[in-house]
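Taken in order, the sequence shown gives residues -19 to 245; the numbers are from the numbering used here.
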Amino acid sequence: MRAIRALLIFLIGAVLSLTITYFAVIRPRIRSWGVEPGEGEMPLPGDDLISAATAIETRGITIAAPPERVWPWLVQMGFGRAGWYSYDVLDNKGPSATEIVPEFQALKPGDIMPTHPGGGFLVKAVQAEHALVLYSDTELVRTQAEQAEAEGQTELPTAGLRATGALATASLPEFAASWGFYLQPTGDGETRLIERFRARTPGNGPAQAVLGEIMGTGIVLMTRKQLEGIKERVEHLTASPVEPRASDDLPRTPEVEPEVVSATV
-19 MRAIRALLIF
-9 LIGAVLSLTI
1 TYFAVIRPRI
11 RSWGVEPGEG
21 EMPLPGDDLI
31 SAATAIETRG
41 ITIAAPPERV
51 WPWLVQMGFG
61 RAGWYSYDVL
71 DNKGPSATEI
81 VPEFQALKPG
91 DIMPTHPGGG
101 FLVKAVQAEH
111 ALVLYSDTEL
121 VRTQAEQAEA
131 EGQTELPTAG
141 LRATGALATA
151 SLPEFAASWG
161 FYLQPTGDGE
171 TRLIERFRAR
181 TPGNGPAQAV
191 LGEIMGTGIV
201 LMTRKQLEGI
211 KERVEHLTAS
221 PVEPRASDDL
231 PRTPEVEPEV
241 VSATV
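In structure tokens form, the structure reads like this:
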């Protein structure tokens, strides 16, 4: 009995120690990866889409290129487009593009940036070379799911998408979320790429808190890989000069060499 009691005390102490370490040391570093002083509190376009947000996370990375070299990589993102530059086996049915894809350079508010066949984020703001803001909520997801089912687009091609779809089908909570990408020139020819996620979800309780932490950490790891993927592509691409844009409503379309990697199909 004493041995069992000692073991239980040890296990409880270990769990408490790990929990304290996670919330005091690991969690803050994971959730604010890459953020420079002041960026987390800086007001950005699209912040007003989610009032009374229950979760706000900001991350960033410095890219050795001006904003006009980074912007084309943002507007071509999406499932079935150029990909997400993250863990493709989870969120894309093929490798993300390593070149600029000209046919995916026109993006405007009201478009859908797909995350899977039949669904995706609603594009809310497109400020060329400065801000791209995406949005989703429960009503949008349900509407897209109903339409996809009616059109027979219910098959999800990757394990990650299937797991996400199963979770959403089992219990889709009321939520609203914005996901923004922002380009800030540094003054020395480089760019700060800032990514911000704002969400509002109701409810509380231990189970939901644990699930939120697990999913939140997963999102952080995915977006960290994404930011690093964008940085690597921008810095390693020998790009041609960018033509001036004809309208502030449309992003710039860069010239590319004749050989262009095809979009993910």
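All residues carry an ideal CB built from backbone N, CA and C; glycine is no exception.
Bear in mind that the values here come from a model prediction, so they are computed numbers and not experimental data.
Inset, instruction - Would you grab the beta carbon distance between PRO182 and GLN107 for me? Rounded to a whole angstrom, and I think it's under 8 Å. - result: For the purposes of this step, residue 182 is taken as residue 202 along the sequence shown, with counting starting at 1. For the purposes of this step, residue 107 is taken as residue 127 along the sequence shown, with counting starting at 1. No, PRO182 and GLN107 are not in contact; Cβ-Cβ is about 31 Å, not under 8 Å.
Inset, instruction - With ARG176 as the anchor, note down where its beta strand (DSSP E) starts and where it stops. - result: Within the sequence shown, numbered from 1, the residue matching residue 176 stands at position 196. Here the beta strand (DSSP E) through ARG176 covers 171 to 180.
Legend entry - Proximal residues to SER116 (C-beta, below 7 Å), its chain only, five neighbours per side dropped: Translated into the one-based positions of the sequence shown, residue 116 becomes position 136. Answer for SER116: PHE101, LEU102, ALA157, listed in chain order.
Inset, instruction - Confirm, please, whether the CB-CB distance from VAL121 to GLY99 is below 8 Å. - result: Against the sequence shown, residue 99 aligns to sequence position 119. Against the sequence shown, residue 121 aligns to sequence position 141. Closer than 8 Å, so yes.
Legend entry - ALA62 vs SER76 beta-carbon contact at 8 Å: Mapped onto the sequence shown, residue 62 falls at position 82. Mapped onto the sequence shown, residue 76 falls at position 96. Yes, the pair counts as a contact, with Cβ atoms nearer than the cut-off.
Inset, instruction - May I ask you to list the residues that DSSP assigns as paired with TYR115? - result: Working through the sequence shown from its first residue, we reach residue 115 at position 135. Answer by DSSP bridge pairing, in chain order: LEU102, SER158.
Legend entry - Identity of the residues DSSP links to ARG39 by a beta bridge: Walking along the sequence shown from the start, residue 39 turns up at place 59. The partner list for ARG39 (beta bridge, DSSP) reads GLU175.
Inset, instruction - Answer with buried or exposed for SER66, where buried requires no fewer than 16 other C-beta atoms within 10 angstroms of its C-beta. - result: Taking the first residue of the sequence shown as 1, we reach residue 66 at position 86. Per the 10 Å Cβ criterion, buried.
Inset, instruction - Give the range of the beta strand (DSSP E) segment to which PRO94 is assigned. - result: Residue 94 sits at position 114 when you count from the first residue of the sequence shown. Taken as a continuous stretch (DSSP letters only), the beta strand (DSSP E) holding PRO94 covers 92 to 96.
Inset, instruction - Give me whichever residues DSSP pairs with PRO165 in a beta bridge. - result: The residue you call residue 165 lines up with position 185 of the sequence shown. DSSP output for PRO165 lists THR171 as bridge partner(s).
Inset, instruction - Just the C-alpha distance for GLU48 and GLU109, rounded to the nearest angstrom, thanks. - result: Here residue 48 is taken as the residue at index 68 of the sequence shown, counted from 1. Here residue 109 is taken as the residue at index 129 of the sequence shown, counted from 1. Straight-line Cα distance between these residues: approximately 6 Å.
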